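Residue numbering for the sequence shown follows the numbering used here, starting at 8 and increasing by one per position. Using N, Cα and C, we set each Cβ at its ideal position, and we do this for glycine too. None of these values were measured; they are calculated from a predicted model. See structure below.
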Amino acid sequence: MIARSLLAAALALPLLLIGCRKATVENYRIPKEKDAEMPLASSGMSTDAAPSATPGMNAPGMGSGMAGTPVATADGAGLTWTAPADWKPKAGSAMRKASFSVPGPDGTEGDLAITAFPGDVGGELANMNRWRGQLQLPPISEAELAPLLERVEYNGLKFVLFDIRGQGEKPNRILGASIPLGDATWFVKLTATDAAVTAAKPAFLAFLQTIKRPAAPTP
């Protein structure tokens with residue numbers, strides 16, 4: 008009797024192991040794979056968004072044709088200009104109407120930006136102190152502002168000129184102009200080394216004299 012019981016148990020053991028192994032296989036759950044991360048498309052473009060083209064005009068800031076391209080301000084008016092031949096046009100951005108690389112001495116290059124913003128952007132003192140801050144200079148007061156500005160008029164447009172020099176052995180410098188136009192203010196701003204701005208200043212002032220409103224369309 009005992010021998011039969013042991014024999015039955017011995018025969019049942021493999022079946023029990025097979026059943027357990029089968030249950031283990033059936034109950035095993037594979038974890039869900041995480042969604043693969045999509046690689047960012049490489050377009051070779053700058054992260055700055057290009058400005059939208061105004062209907063009826065070419066998009067500014069693209070290619071060499073932008074030197075004389077009218078661009079829209081907040082109130083719909085436009086300006087045109089003619090850049091010196093040795094200024095190299097650069098791609099525009101969401102904030103810039105146009106950009107140029109301005110050659111300087113010893114192979115250096117300055118950056119010239121043309122921008123336009125609604126309103127007066129805080130006024131002349133705020134603009135002066137904003138640019139001074141970019142050169143790590145302390146702000147000035149309203150009483151100190153007037154001697155640092157020059158006012159000129161070209162083609163019926165009023166320009167306020169800024170010339171701000173940084174500090175140090177080889178300081179940077181900002182030469183700029185603001186142009187009120189309707190409900191907006193345009194800015195022409197050259198940033199470069201002190202030596203490069205000195206070399207480019209005559210061309211910069213001549214460039215300002217080419218800025219004007221576009222001619223009215225012929226009826």
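DSSP on residue i, reduced to helix/strand/coil?
i, result
"residue 128", "coil"
"residue 93", "coil"
"residue 104", "coil"
"residue 223", "coil"
"residue 122", "strand"
"residue 205", "helix"
Give me the Cα-Cα distance between residue i and residue j, rounded to the nearest whole angstrom.
i, j, result
"residue 205", "residue 148", "26 Å"
"residue 175", "residue 151", "22 Å"
"residue 122", "residue 114", "26 Å"
"residue 210", "residue 92", "10 Å"
"residue 199", "residue 142", "11 Å"
"residue 215", "residue 102", "20 Å"
"residue 158", "residue 135", "14 Å"
"residue 55", "residue 195", "Note that residue 55 scores 30 on pLDDT, short of 50, meaning its location in the model is unreliable; the coordinates nonetheless yield the value given after this. Looking at the two C-alpha atoms, the distance is approximately 19 Å."
"residue 105", "residue 99", "5 Å"
"residue 226", "residue 208", "39 Å"
"residue 107", "residue 125", "23 Å"
"residue 190", "residue 127", "8 Å"
"residue 217", "residue 179", "26 Å"
"residue 182", "residue 197", "5 Å"
"residue 155", "residue 139", "12 Å"
"residue 69", "residue 220", "Summary for residue 69: the model assigns pLDDT 35, below 50, so the residue's position carries little reliability; its value from the coordinates is reported in the next sentence. Going by the C-alpha atoms only, they are around 20 Å apart."
Can you tell me whether residue i is buried or exposed? The criterion is at least 16 other CB atoms within 10 Å of its CB, across all chains shown.
i, result
"residue 184", "buried"
"residue 223", "exposed"
"residue 89", "exposed"
"residue 162", "exposed"
"residue 213", "exposed"
"residue 153", "exposed"
"residue 117", "buried"
Original post:
Along the chain, which unbroken stretches of the alpha helix (DSSP H) at least 4 residues long are found entirely within the segment 139–199?
Top reply: Here the runs fully enclosed are 149–152.
Original post:
Using 8 Å as the Cβ pair cut-off and three pairs as the minimum, do the segment 199–216 and the segment 93–113 touch?
Top reply: Segments in contact, yes.
**OP:** Flag this pair as touching only if the segment 127–137 and the segment 152–169 have three or more C-beta atom pairs under 8 Å; answer yes or no.
**Re:** Counting C-beta pairs closer than 8 Å gives three or more between the segment 127–137 and the segment 152–169, which meets the contact rule.
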